[in-house]
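Numbering (my numbering), first residue to last: 18 to 513. Heads up, the beta-carbon is just placed ideally off N, CA and C, and yes, glycines get one too. The structure appears below as structure tokens.
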């Protein structure tokens, strides 16, 4: 490799050495989605002349953080880290979370250096978020030239670029694992079902995915009406989205974020929608074999629902009254009493009983029950392994966070020195932290490199299959979800 310069189908790229690895940062995979390309699907990048210096992360997608508009619409870049030596190495492509509203691939947690130290080529990419990536305006007058699923199109074009070019960076295009958490995990489910992504990966790690949050444009319209309300617009104003400043567009998105859990409980926006890129609901496509041969590792955290009991942090119903409203709107009113009774009887006494019942409900409704449905859909088409992350640090107990959403990320990445990670583990003995981190991270490494997370982890075969439990003891345990799945039955929400 001459001065860390590689030749791709798009042009030459110059990387740099860092911590005994080679990094290529901010490499464009699609044309800047600005001007006429705003609210249009990703267009593959045009080849460039000369050598592109890939020495810094590209800007994050435009988003609001703490009331401040950050990032840029010109954000469609990817990042590659590789070991100094080696060819045909296994590849991990990681898609960040953030509710399709915020987040970025350049976060220190997602640098991926520990994976590279194990002989893996690590890739991440920025994609469009919020209004610019995951709203569907195509059914409105004057918006005929807009596209739906712009953010998903970013995913697909990025995966196609990686498949075509990863060999130049020492990776094997036939040994690609994709992984993501939260919205990133949800993207895993979408990509398993999306025809345009077929053949670009062979393995999937879906962490804390929300497989039930894909909606038709008719359902999503309920929240786009809220967007119009937040903008002070009527439908006839929507074509202005092509013209106004990005920060103005995001005002409507912020309004939706504050209002829709009260007005339309259980409907996500922004989200991936059903259209020609995703022709049917992902779980139905997967059950029919859209991900034939794909190896899947899927799971969630013990108390994912903890964050949902705090209204300012959630897009979900956060009281039994709101849950009942959701059931009524979905013609599932008869099932509400059964569901509520099941969760109120399961309080484990660790926090206020009413709150704990709701935490368990939110965890199962959003994460665990849909994860089991996903495993059921895929198990006849490829090997599946299920896990549950249950490690609760002393700090997590003190603060009431428990084993909540995203608590597993520091262990996934073996990255404990930054911000949230350092805070969560600060009171834990070193040997305790090393054990849980090594247990989680090394199973990821094994899966990425060999296609198997470990011989002591049986494949998923049904509701009563053993599940890998990540806690202070660790190990596969029998975890019978039959009763939970029977209670939920085939209940579905917001299906038109």
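- Query: alpha helix (DSSP H) containing residue 246: first to last residue?
  - Reply: Residue 246 -> alpha helix (DSSP H) spans 234-248.
- Just how far apart, CA to CA, sit residue 501 and residue 371? Distance from the CA atom of residue 501 to the CA atom of residue 371, rounded to whole angstroms, is 19 Å.
- Neighbourhood of residue 97 by C-beta distance below 6 Å, restricted to the same chain and skipping five residues each side: Apart from the 5 residues on each side of it in sequence, residue 97 sits with its Cβ closer than 6 Å to the Cβ of 41, 140 and 186 in its chain, given in chain order.
- Query: Which ranges would you report for the alpha helix (DSSP H) in the segment 332-387 if only whole runs of at least 4 residues count?
  - Reply: List check, alpha helix (DSSP H) in window: 337-346, 350-361 and 370-380.
- Task: Rounded to whole angstroms, what's the CA-CA distance from residue 357 to residue 337? Just pull it up for me.
- Result: Straight-line measurement puts the Cα of residue 337 at about 8 Å from the Cα of residue 357.
- Query: Would you call residue 279 buried or exposed, if buried means 16 or more other Cβ atoms sit within 10 Å of its Cβ?
  - Reply: That one is exposed.
- Query: CB-CB under 6 Å to residue 65, same chain, minus the five flanking residues each way: which ones, in chain order?
  - Reply: If we look at residue 65 and ignore the five residues flanking it on each side, its Cβ neighbours are 28.
- Message: So the candidates are 458, 288 and 349; which of them puts its Cα closest to the Cα of residue 147?
- Response: Nearest C-alpha to residue 147: 288.
- Message: Give the list of continuous alpha helix (DSSP H) stretches no shorter than 4 residues that lie fully inside the segment 408-448.
- Response: The qualifying runs are 411-416, 426-430 and 436-442.
- Item | Where residue 151 falls: helix, strand or coil (DSSP) | DSSP places residue 151 in helix when its eight states are reduced to three.
- Item | Other residues of its chain near residue 247: CB distance less than 8 Å, five sequence neighbours each side excluded | Within the same chain, and ignoring the five residues on either side of residue 247 in sequence, the residues whose Cβ sits closer than 8 Å to its Cβ are 268, 269, 270, 271, 272, 273 and 276.
- Item | Own chain residues within Cβ distance below 8 Å of residue 133, not counting five before or after | Cβ neighbours of residue 133 beyond the five flanking positions: 38, 98, 99, 100 and 139.
- residue 515 and residue 178 closer than 8 Å at C-beta: For residue 515 there is no data in the structure shown, the boundaries of the chain being 18 and 513.
- Which one or two residues does DSSP pair with residue 80 in a beta bridge? DSSP output for residue 80 lists 87 as bridge partner(s).
- Based on Cα-Cα distance, which residue from 403, 325, 180 and 411 lies nearest to residue 378? Nearest neighbour of residue 378 by Cα position, chosen from 403, 325, 180 and 411, turns out to be 325.
- Message: Which same chain residues end up closer than 7 Å to residue 25 when comparing Cβ atoms and leaving out the 5 residues on each side of it in sequence?
- Response: Contacts found: 182 and 185.
- Query: Does the Cβ-Cβ distance between residue 295 and residue 211 come in under 8 Å?
  - Reply: With respect to the 8 Å criterion, residue 295 and residue 211 are classified as neighbours on the basis of their beta carbons.
- Could you check what DSSP says for residue 217 in three-state terms: helix, strand or coil? If DSSP states are grouped into helix, strand and coil, residue 217 belongs with coil.
- Based on Cα-Cα distance, which residue from 489, 483, 476 and 434 lies nearest to residue 457? Distances from the alpha-carbon of residue 457 to those of 489, 483, 476 and 434 put 489 closest.
- Query: Can you list, in chain order, the residues of its chain whose CB lies under 7 Å from that of residue 62, leaving out five sequence neighbours each side?
  - Reply: The beta carbon of residue 62 sits closer than 7 Å to the beta carbons of 27, 45, 46, 47 and 48 from its chain, once the five residues preceding and following it are set aside; these are given in chain order.
- Since residue 168 and residue 114 are thought to touch, with beta carbons under 8 Å apart, how far apart are those beta carbons, to the nearest angstrom? Not quite, the Cβ-Cβ distance comes to about 13 Å (not below 8 Å), so this is no contact.
- Count the other CB atoms within 10 Å of the CB of residue 499; is the residue buried (16 or more) or exposed (fewer)? With a 10 Å radius around the Cβ and a threshold of 16 neighbouring Cβ atoms, residue 499 comes out exposed.
- Message: Between 503, 86, 304 and 127, which has its C-alpha nearest residue 355's C-alpha?
- Response: It is 503 whose Cα lies nearest to the Cα of residue 355.
- Tell me whether residue 494 is buried or exposed, calling it buried when 16 or more other Cβ atoms sit within 10 Å of its Cβ. The C-beta of residue 494 has fewer than 16 other C-beta atoms within 10 Å across all chains shown, which makes the residue exposed.
- What three-state label does DSSP hand residue 505 in the structure shown? When secondary structure is reduced to three states using DSSP, residue 505 falls in the helix class.
- Query: Can you round the beta-carbon distance between residue 150 and residue 117 to whole angstroms, since I take them to be within the 8 Å contact cut?
  - Reply: Their Cβ separation, rounded to whole angstroms, is 7 Å, which keeps residue 150 and residue 117 in contact under 8 Å.
- Query: Taking the Cβ atom as the reference point for each residue, do residue 253 and residue 156 lie within a distance shorter than 8 Å?
  - Reply: No, these two residues do not count as a Cβ contact at 8 Å.
- Message: Tell me which residues share the same chain as residue 105 and place their Cβ nearer than 7 Å to its Cβ, disregarding the 5 neighbours each side in the sequence.
- Response: Within the same chain, and ignoring the five residues on either side of residue 105 in sequence, the residues whose Cβ sits closer than 7 Å to its Cβ are 189.
- Is the beta carbon of residue 214 sitting closer than 8 Å to the one on residue 208? Contact flag set, yes.
- Task: From the DSSP output, in three-state form, read off residue 31 for me.
- Result: Looking at residue 31 - three-state DSSP - the assignment turns out to be strand.
- Message: Any beta carbon from chain B within less than 8 Å of residue 194's own beta carbon?
- Response: The question asks about chain B, but that chain is absent: this structure has only one protein chain.
- Straight-line Cα distance separating residue 305 from residue 85: Approximately 44 Å between the Cα atoms of the pair.
- Query: Cα separation between residue 428 and residue 454?
  - Reply: Approximately 4 Å, taken between the alpha carbons.
- Message: Quick check: what's the CA-CA separation for residue 234 versus residue 485?
- Response: For residue 234 and residue 485, the distance between alpha carbons rounds to 37 Å.
- Query: Would you call the CB atoms of residue 232 and residue 290 closer than 8 Å?
  - Reply: It is a contact, given that the beta carbons lie within the stated cut-off.
- Query: Going by DSSP, which residues form a beta bridge with residue 198?
  - Reply: DSSP lists 224 as the bridge partner or partners of residue 198.
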